[in-house]
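Some notes on the structure that comes next.
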Amino acid sequence: MKTRIQITHIVAMGDSLTDLGTLNKRHLLGAIPLSYIVGLSKSPKGCFTNGTTYVGDYAAMLVSRLFAEDLKRNNQIDDTALSDDVIVKGQEHRELQKAYSLENDKVIKYKETDFFRIYAEGGLTASDYSHSWTFSFSSMFAREMVSTLAAKRKELLHDDTKRMRSMDEKEKTLIVEWSGANDLLMVNSRPSKEIVDNAINARIENVKELMKHGYQHFVLNALPDFSFSPRYQAMSTSEQKNAHDCCSYFNDQLRKACKKLQEEFAEISIDVFEADVYFKDVYDHSDSAEYGFDPEKRKQPFINSKDFNLKDHISKGLDYMFWDDIHPSARLHEILAKKFYDKYSKQFDIEVPNMKPISSAQYLYETFVASYKGKWKQDKEGYFGNWRYSSVLDKLKNSGVGFVTEDDYEEDYKSELAIILDHAINQCGARSRQVLIELHWIDENNKINANI
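Shown next as structure tokens:
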């Protein structure tokens, strides 16, 4: 039996099928929320679905298993209770809720580690079309607005440098990437094989560039056949056939390219997650006990139905396959996540590394500043971002230690941490407090984590 590959961290890259809320936070010209332009105002969690995307579901499945295994090691549950479907209740459930959170669209933490890092944004294209011309005004506008796989890779590598991620961590990181749909659907007027070739080349180039920086393990998701989506089901049979042919060609080329890459580089692992196969099975057996969809609703977007009711950030629609005319429903995302979990649990041994005791005040300080600057950057790019300011950064700069990187003393950094905690807890520093909560340094009641 082939030995499973050890994985300690996961990076997810992609478009709206992966995005956990990044595009929802963007603003056009610093003032107009993109959420209203792209329809995210109807989403309860800021994702392009009526819940979370498959990445959030996959993370929840992994964390539940890891948490259950921790309970077993601590003799809190026995072997008979340890399974993929383990249910934790009471105090254990509360501890599980504290252990990780899906509130951050960039990072899913577990046990103080950046377990999942997300580099995804709705509208993202695999290839870059920003410098190419098209006669379609809407496509031209989209080309200037959307992110690209190369841009997200640049962001990832910048974060690696900033956080000084080791080669060992990179070698134990799984890169999961899902893009290419918007190349066919958004920035070009009609799908074609030429567009497919551009997207496939960009996805393979992304793998090669990440390999140069030490990453070795990759899963590239296939493209679901969007000719079955409500958008294309409302079109002519010729348009449906063209979409179907392009999707089939896309996945054939992706599999060939990944196979070729694996043959060229024996030291890496690269696989194609057959999202197309699973999607087709769900569509063909939608009313089965396993899936539970209503076959009559396969062509109907949930948000346009009489069943849609966005109340208290809850929007179920459990028997709809599609959230809007092109994006999968949360239930379909969950099904794909379970297929992903089942397949790659056999291939990868995923374990969160034990955290070393954090004793350096300098390390804590630099971790806070890096996380805070990331959140502040998001706010600056958001609604009325030009009018936002940071009190805590001003206080740190004026304290005399600030952002000095050499010849600093531990006591100086402890003083800086005291300023940060005081600002967040006692002086209503909302942004600072949110960062501390996301880092698990304090809880919602401002209780300081004794382990830091």
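First residue of the sequence shown? That's -13 in our numbering, and the numbers climb one at a time after it.
All residues carry an ideal CB built from backbone N, CA and C; glycine is no exception.
Just so it is clear, the structure is predicted and the values come from calculations on it, not from any experiment.
Open item on the list: When you compare the CB positions of residue 158 and residue -4, do they come within less than 8 Å of one another, or not?
Closed with: Taking the sequence shown and counting its residues from 1, one reaches residue 158 at position 172. Taking the sequence shown and counting its residues from 1, one reaches residue -4 at position 10. Result no, Cβ atoms of residue 158 and residue -4 do not sit closer than 8 Å.
Open item on the list: Measuring straight from C-alpha to C-alpha, what distance separates residue 171 and residue 155?
Closed with: Along the sequence shown, read from residue 1 onward, the residue named residue 171 stands at position 185. Along the sequence shown, read from residue 1 onward, the residue named residue 155 stands at position 169. So the alpha carbons of these two residues sit roughly 36 Å apart.
TODO: Give a yes or no on whether the C-beta atoms belonging to residue 105 and residue 323 are separated by under 8 Å.
DONE: One-based indexing of the sequence shown puts residue 105 at position 119. One-based indexing of the sequence shown puts residue 323 at position 337. Taking 8 Å as the Cβ cut-off, residue 105 and residue 323 do not qualify as a contacting pair.
- [ ] Evaluate contact between the region 286 to 293 and the region 2 to 9, counting only Cβ atoms and requiring at least three cross-stretch pairs below 8 Å.
- [x] Contact check between the region 286 to 293 and the region 2 to 9: fewer than three CB pairs, one atom from each, fall below 8 Å, which does not count as touching.
Task: Secondary structure of residue 490, DSSP reduced to three states - done: Given a span of -13 to 438 for the chain in the structure shown, any question on residue 490 remains unanswerable.
Task: Alpha-carbon spacing of residue 97 relative to residue 139, whole angstroms - done: Locating residue 97 in the sequence shown gives position 111, where the first residue counts as 1. Locating residue 139 in the sequence shown gives position 153, where the first residue counts as 1. When the Cα atoms are used, residue 97 and residue 139 turn out to be separated by approximately 26 Å.
TODO: On a CA-only basis, which of 176, 185 and 248 is nearest residue 213? Give me that one, please.
DONE: Indexing the sequence shown from 1 puts residue 213 at position 227. The shortest C-alpha separation from residue 213 is found at 176.
Open item on the list: If we require 3 or more residues per run, which beta strand (DSSP E) segments fall completely within the region 287 to 360?
Closed with: The qualifying runs are 334 to 336.
- [ ] Can you tell me which of the three DSSP states residue 134 falls into?
- [x] Taking the first residue of the sequence shown as 1, we reach residue 134 at position 148. If DSSP states are grouped into helix, strand and coil, residue 134 belongs with the strands.
Task: Sequence-distant residues of its chain with Cβ nearer than 7 Å to residue 315 (five each side left out) - done: To locate residue 315, count along the sequence shown from 1; it is residue 329. If we look at residue 315 and ignore the five residues flanking it on each side, its Cβ neighbours are 35, 36, 288, 303, 306, 307, 308 and 309.
Open item on the list: For residue 332 and residue 162, what's the separation of their Cα atoms in angstroms?
Closed with: As a working mapping, residue 332 is identified with position 346 in the sequence shown. As a working mapping, residue 162 is identified with position 176 in the sequence shown. Roughly 16 Å between the two C-alpha positions.
Task: Contact under 8 Å by Cβ, residue 401 with residue 410 - done: Counting from 1 along the sequence shown, the entry for residue 401 is found at position 415. Counting from 1 along the sequence shown, the entry for residue 410 is found at position 424. No, they are not a contact pair.
TODO: Can you give me the Cβ contacts of residue 201 inside the same chain, cut-off strictly under 7 Å, excluding the 5 residues immediately before and after it?
DONE: By 1-based counting over the sequence shown, the position of residue 201 is 215. So the list reads 156, 159 and 161, once near-sequence residues are dropped.
Open item on the list: If the criterion is Cβ atoms closer than 8 Å, does the pair residue 399 and residue 358 meet it?
Closed with: Taking the first residue of the sequence shown as position 1, residue 399 is located at position 413. Taking the first residue of the sequence shown as position 1, residue 358 is located at position 372. No, the Cβ-Cβ distance between residue 399 and residue 358 is not below 8 Å.
Task: Beta-carbon spacing of residue 243, residue 312 below 8 Å - done: As a first step, residue 243 must be located in the sequence shown, where it is residue number 257. As a first step, residue 312 must be located in the sequence shown, where it is residue number 326. Between residue 243 and residue 312, the CB-CB gap reaches or exceeds 8 Å.
Open item on the list: With DSSP as the reference, identify every bridge partner of residue -8, one or two as the case may be.
Closed with: Working through the sequence shown from its first residue, we reach residue -8 at position 6. Partner(s): 335.
TODO: Please state if the CB of residue 321 and the CB of residue 277 are separated by a distance shorter than 8 Å.
DONE: Taking the sequence shown and counting its residues from 1, the one referred to as residue 277 is at position 291. Taking the sequence shown and counting its residues from 1, the one referred to as residue 321 is at position 335. Cβ atoms of residue 277 and residue 321: closer than 8 Å.
Open item on the list: Please tell me whether residue 207 and residue 251 are closer than 8 Å, where the distance is taken between their beta carbons.
Closed with: Start at 1 with the first residue of the sequence shown, and residue 207 comes out as number 221. Start at 1 with the first residue of the sequence shown, and residue 251 comes out as number 265. No, the pair does not count as a contact, with Cβ atoms beyond the cut-off.
- [ ] Quickly, what does DSSP pair residue 163 with across the bridge? List them, please.
- [x] Here residue 163 is taken as the residue at index 177 of the sequence shown, counted from 1. Bridge partners of residue 163: -1 and 206.
- [ ] May I ask which residues mark the beginning and end of the beta strand (DSSP E) holding residue 95?
- [x] For the purposes of this step, residue 95 is identified with residue 109 of the sequence shown, where counting begins at 1. That run of the beta strand (DSSP E) goes 93 to 96.
Task: Own chain residues within Cβ distance below 8 Å of residue 47, not counting five before or after - done: Position 61 of the sequence shown, counting from 1, holds the residue named residue 47. Once the five neighbours on either side are set aside, the close Cβ partners of residue 47 are 70, 323, 324 and 327.
Task: Cβ-based neighbour list, residue 41, same chain, cut-off 6 Å, excluding 5 preceding and 5 following - done: Your numbering for residue 41 matches position 55 in the sequence shown. Excluding residues within five positions, the ones whose Cβ falls inside 6 Å are -2 and 4.
Task: Span separating the alpha-carbon of residue 421 from that of residue 227 - done: Here residue 421 is taken as the residue at index 435 of the sequence shown, counted from 1. Here residue 227 is taken as the residue at index 241 of the sequence shown, counted from 1. The straight-line gap from Cα to Cα measures roughly 49 Å.
TODO: Compute the Euclidean distance between the alpha carbons of residue 434 and residue 427, then round it to the nearest angstrom.
DONE: Here residue 434 is taken as the residue at index 448 of the sequence shown, counted from 1. Here residue 427 is taken as the residue at index 441 of the sequence shown, counted from 1. Cα-Cα distance, rounded: 6 Å.
TODO: Would you tell me roughly how many angstroms separate the C-alpha atoms of residue 432 and residue 273, rounded to the nearest one?
DONE: Residue mapping note: residue 432 aligns to position 446 of the sequence shown, counting from 1. Residue mapping note: residue 273 aligns to position 287 of the sequence shown, counting from 1. Roughly 47 Å between the two C-alpha positions.
Open item on the list: Taking the beta carbon of residue 238 as the centre, do at least 16 other beta carbons fall within 10 Å, making it buried, or is it exposed?
Closed with: On the sequence shown, residue 238 is found 252 positions in, with the first residue counted as 1. Exposed, since its Cβ has fewer than 16 Cβ neighbours within 10 Å.
Task: Best match in 416, 381, 266 and 195 for proximity to residue 142 [C-alpha to C-alpha] - done: Translated into the one-based positions of the sequence shown, residue 142 becomes position 156. Checked all of 416, 381, 266 and 195; the closest Cα to residue 142 is 195.
Task: Enclosing alpha helix (DSSP H) for residue 154 [first to last residue] - done: Mapped onto the sequence shown, residue 154 falls at position 168. First-last of the alpha helix (DSSP H) with residue 154: 153 to 157.
Open item on the list: For residue 192, count the other beta carbons within 10 Å of its own beta carbon; 16 or more makes it buried, fewer makes it exposed. Which is it?
Closed with: Start at 1 with the first residue of the sequence shown, and residue 192 comes out as number 206. Buried, since its Cβ has 16 or more Cβ neighbours within 10 Å.
Task: For residue 258, the first and last residue of its enclosing beta strand (DSSP E) - done: By one-based count along the sequence shown, residue 258 stands at place 272. Residue range 255 to 259 is occupied by the beta strand (DSSP E) that includes residue 258.
Open item on the list: Tell me the DSSP secondary structure of residue 223 in three-state form.
Closed with: Walking along the sequence shown from the start, residue 223 turns up at place 237. Per DSSP, reduced to three states, the secondary structure at residue 223 is helical.
Open item on the list: Given this structure, state the Cα-to-Cα distance separating residue 347 from residue 362, to the nearest angstrom.
Closed with: Here the question's residue 347 lines up with position 361 in the sequence shown. Here the question's residue 362 lines up with position 376 in the sequence shown. Those two C-alpha atoms are separated by around 22 Å.
Open item on the list: What would DSSP say about residue 103, mapped onto helix, strand or coil?
Closed with: The residue given as residue 103 occupies position 117 in the sequence shown. Residue state for residue 103 is assigned as strand, using DSSP reduced to three classes.
Open item on the list: My assumption, with CB atoms under 8 Å, is that residue 319 sits in contact with residue 38. Please give the rounded CB distance.
Closed with: Counting from one through the sequence shown, the residue named residue 319 turns up at place 333. Counting from one through the sequence shown, the residue named residue 38 turns up at place 52. Contact annotation, residue 319 with residue 38: C-beta distance approximately 7 Å; criterion of less than 8 Å satisfied.
Task: Beta-carbon contacts of residue 246 that lie in its chain and below 8 Å, excluding the five residues immediately before and after - done: Stepping through the sequence shown from its first residue, residue 246 is reached at position 260. Beyond the five residues adjoining it in sequence on each side, residue 246 comes within less than 8 Å, by CB distance, of no other residue in the same chain.
Open item on the list: Counting C-beta neighbours from all protein chains within 10 Å, is the total for residue 147 16 or more, i.e. buried, or is it exposed?
Closed with: The residue given as residue 147 occupies position 161 in the sequence shown. Residue 147 is exposed by the Cβ-count criterion.
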